[in-house]
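Right, one structure below, let's go through it.
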Amino acid sequence: MRSPWETDVVDVADEGGRSEPPVPSEGAEEERLLMSPGAYAAAAVALMLIGLLGFVSNLLVMVLMCRNKQLWTPLNAILFNLVCSDFSVSVLGNPITLTAALFRRWIFGRTVCVIYGFFMSLLGIASITTLMVLSFERYVMISKPFQVKRLSQKGALGLIGAIWIYSLILTAPPLLGWGDYVNESANISCSVNWESKTMSATTYIIFLFAMGLVVPVIVICFSYLNIIWTMKKNAIAMGRVTKAETRVALMVFVMIVAFLVAWTPYSVFALLVAFGDASLISPGLAVVPALMAKSSICYNPIIYVGLNTQFRSAWHKLLGVRAISETSQEVGGEHTAMLSPSHYMSHTLLDGGAATGTTSASTGGLLLNAPNSPAPANAAAFKRRPGGAQGVGANGDAARPSGNISKIAEAVPEEAEEARGGEERAVCDDAVEDTE
Numbered sequence: 001m002r003s004p005w006e007t008d009v010v011d012v013a014d015e016g017g018r019s020e021p022p023v024p025s026e027g028a029e030e031e032r033l034l035m036s037p038g039a040y041a042a043a044a045v046a047l048m049l050i051g052l053l054g055f056v057s058n059l060l061v062m063v064l065m066c067r068n069k070q071l072w073t074p075l076n077a078i079l080f081n082l083v084c085s086d087f088s089v090s091v092l093g094n095p096i097t098l099t100a101a102l103f104r105r106w107i108f109g110r111t112v113c114v115i116y117g118f119f120m121s122l123l124g125i126a127s128i129t130t131l132m133v134l135s136f137e138r139y140v141m142i143s144k145p146f147q148v149k150r151l152s153q154k155g156a157l158g159l160i161g162a163i164w165i166y167s168l169i170l171t172a173p174p175l176l177g178w179g180d181y182v183n184e185s186a187n188i189s190c191s192v193n194w195e196s197k198t199m200s201a202t203t204y205i206i207f208l209f210a211m212g213l214v215v216p217v218i219v220i221c222f223s224y225l226n227i228i229w230t231m232k233k234n235a236i237a238m239g240r241v242t243k244a245e246t247r248v249a250l251m252v253f254v255m256i257v258a259f260l261v262a263w264t265p266y267s268v269f270a271l272l273v274a275f276g277d278a279s280l281i282s283p284g285l286a287v288v289p290a291l292m293a294k295s296s297i298c299y300n301p302i303i304y305v306g307l308n309t310q311f312r313s314a315w316h317k318l319l320g321v322r323a324i325s326e327t328s329q330e331v332g333g334e335h336t337a338m339l340s341p342s343h344y345m346s347h348t349l350l351d352g353g354a355a356t357g358t359t360s361a362s363t364g365g366l367l368l369n370a371p372n373s374p375a376p377a378n379a380a381a382f383k384r385r386p387g388g389a390q391g392v393g394a395n396g397d398a399a400r401p402s403g404n405i406s407k408i409a410e411a412v413p414e415e416a417e418e419a420r421g422g423e424e425r426a427v428c429d430d431a432v433e434d435t436e
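Taking UniProt numbering, I'd label the letters of the sequence shown as residues 1 to 436.
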């Protein structure tokens, strides 16, 4: 079995019997270029932009979490694992590939190629596996809120450990002789040897694709199809789609599209090279899907943090900017805000069940009603007073102070954030329709 650390350079014995590698002439070196100088320059520019954007965006997320202890929920801890993985790619991977693109060839030797290929594959599989775990966790908490316990910090740490063990199992075999890590993408990067037709390489490629791509995609699709179905079912029961539900649907759509856009081209390329005719794909064309896959480190923070109200509020706090959601509209000289149906039900549930005959639980911004439970006829209006915000229920009774929001802040962070914003903004379509 071939060692993964063996070099592919063929030594030539001189007259003294010493073995030396052949020294190419300048013309021969120019002929070895797999792309035009302009293509190498374009790849270098793309790698530099991807590296800088990925470094800055992921670093900002890490700073936000380090400065805000309230962000360290179990779910956000798993999200932080994804951020660290993407940040490591921008720090460890992109500079090496950028340097190779500037030199128009791999200049770091066989050993560094194997190490680079292993770590980049490890971080890539860890990112995909983290997305799989996040999607399944959301499915469990939204679709089965009463059947399972909420994820704890210890449970989140256990999942993070399992993610890295799983990723290591998938990417370590080439270091032991099953499969191989070699140069790819016009000799500016290293990855799995997709071109080899040996039994060892072929079986490893099948194993890696099945466990590193097919399984995560199946789990992600299963999870989010069930989430969408649950949202649709409960939206019909409520007669209204809340803003939180809409945001979840948008996040799901963007996440799936971004994942497919980033990784599908590279996966198709790898399959064509492994099981088709590799000569049909030029080296220059092979660089494009590799760059698209690397670009995932840039928009992952935007998708998983930019659409999260907790991180958005922390970002506004860091910049000293008052969020729009914290600014209410003035109506008749007073600041008035409406609660959406799910927020109204959350308050009445916390305040002792002001809505008679209604049993509900708010999970991740989604309201799950018990059978035959009536939806609230009108949302409650909160008026700001010097002593603090005070709610008025649909039956005219004064609701308890908004301090109750803190009771659900830890259990349901998204709902707590929405409830806080609900005290100071007009978002209830039912109330608007009634006034009309």
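Don't be surprised by glycine CBs; every beta carbon is placed ideally from N, CA and C. Computed from a prediction, not measured in an experiment: that's the story for all the values here.
query	result
Taking 8 angstroms as the threshold, find out whether the region 100 to 115 comes into contact with the region 295 to 310 through three or more Cβ pairs.	no
Can you look up Ser189 in the DSSP assignment and give me helix, strand or coil?	strand
Counting only runs of 4+ residues fully inside the region 102 to 156, write out the alpha helix (DSSP H) ranges in chain order.	109 to 143
Leaving out five residues before and five after Asn94 in sequence, what residues of the same chain have Cβ atoms less than 6 angstroms from its Cβ?	Leu47, Gly51
If you run the structure through DSSP and keep just helix, strand and coil, what is Asn183?	strand
Between the region 203 to 211 and the region 127 to 136, do three or more beta carbon pairs fall short of 8 angstroms?	no
In angstroms with no decimal places, state the Cα-to-Cα distance between Gly161 and Gly38.	43 angstroms
Which same chain residues end up closer than 8 angstroms to Gly155 when comparing Cβ atoms and leaving out the 5 residues on each side of it in sequence?	Pro74
Quick one: Cα of Pro283 to Cα of Lys233, how far?	49 angstroms
What runs of the alpha helix (DSSP H), each 4 residues or longer, lie entirely inside the region 242 to 323?	243 to 275, 283 to 294, 296 to 306, 309 to 319
Which same chain residues end up closer than 8 angstroms to Gly158 when comparing Cβ atoms and leaving out the 5 residues on each side of it in sequence?	none
Who are the Cβ neighbours of Trp72 in its own chain at under 6 angstroms, not counting the five residues just before and after it?	none
Is the beta carbon of Phe87 sitting closer than 8 angstroms to the one on Leu60?	no
For Val91, which residues of its own chain have a beta-carbon under 8 angstroms away from its beta-carbon, when the five flanking residues on both sides are left out?	Phe55
What are the start and end residues of the alpha helix (DSSP H) that includes Gly38?	37 to 67
For the 8 angstroms Cβ check, are there 3 or more pairs between the region 165 to 174 and the region 251 to 267?	no
Does DSSP put Leu34 in a helix, a strand or coil?	coil
Could you check which residue in Phe118, Val63, Met65, Ile78 has the C-alpha nearest to that of Val89?	Phe118
Give the single residue among Thr230, Ala286, Val219, Trp194 whose Cα lies nearest to the Cα of Met141.	Thr230
Within a Cβ cutoff of 8 angstroms, which residues of the same chain sit near Val219, ignoring the five residues on either side of it in sequence?	Met132, Ser135, Phe136
Residues in the same chain with beta-carbon distance under 6 angstroms from Asn193, minus the five sequence neighbours each way, listed in chain order, please.	Asp180, Val182, Ala201
Have a look at Ser85, Phe146, Thr111 and flag the residue whose alpha-carbon is nearest the alpha-carbon of Met120.	Ser85
Output the distance between the C-alpha atoms of Tyr116 and Ser185, rounded to the nearest integer angstrom.	14 angstroms
How should Lys294 be labelled, buried or exposed, when 16 other C-beta atoms within 10 angstroms of its C-beta is the threshold for buried?	buried
With DSSP collapsed to three states, give me the class of Pro21.	Since pLDDT at Pro21 reaches only 43, below the 50 mark, its modelled position is unreliable, and the value read off the structure follows with that caveat. Pro21: coil per DSSP, three-state reduction.
Name the two residues that bound the continuous alpha helix (DSSP H) containing Ser85.	74 to 88
Rounded to whole angstroms, how far is the Cβ of Ile227 from the Cβ of Tyr139, which I believe are closer than 8 angstroms?	6 angstroms
Quick one: what's got a C-beta closer than 8 angstroms to Met62's C-beta in the same chain, skipping five residues either side?	Phe80, Val83, Cys84, Phe87
What is the C-beta distance between Arg104 and Leu33, in whole angstroms, given that I count them as a contact (C-beta under 8 angstroms)?	6 angstroms
Would you decide whether Thr111 is buried or exposed? Buried here means 16 or more other CB atoms lie within 10 Å of its CB.	exposed
In angstroms, rounded to a whole number, what distance separates the CA positions of Gly320 and Leu53?	23 angstroms
Using the three-state DSSP reduction, which class does Lys233 fall into: helix, strand or coil?	helix
Kindly list the residues whose CB is nearer than 8 angstroms to the CB of Val287, restricted to its own chain and excluding five residues on each side of it in sequence; keep chain order.	Met35, Ala39, Ala43, Ser185, Ala186, Ile188
Between Ile128 and Pro216, which are expected to be in contact by the criterion C-beta below 8 angstroms, what is the C-beta distance as a whole number of angstroms?	5 angstroms
Given a threshold of 16 other Cβ atoms within 10 Å of its Cβ, counted over all protein chains shown, does Ser313 qualify as buried or as exposed?	buried
Grouping DSSP H, G and I as helix and E and B as strand, with all else coil, what is Ala210?	helix
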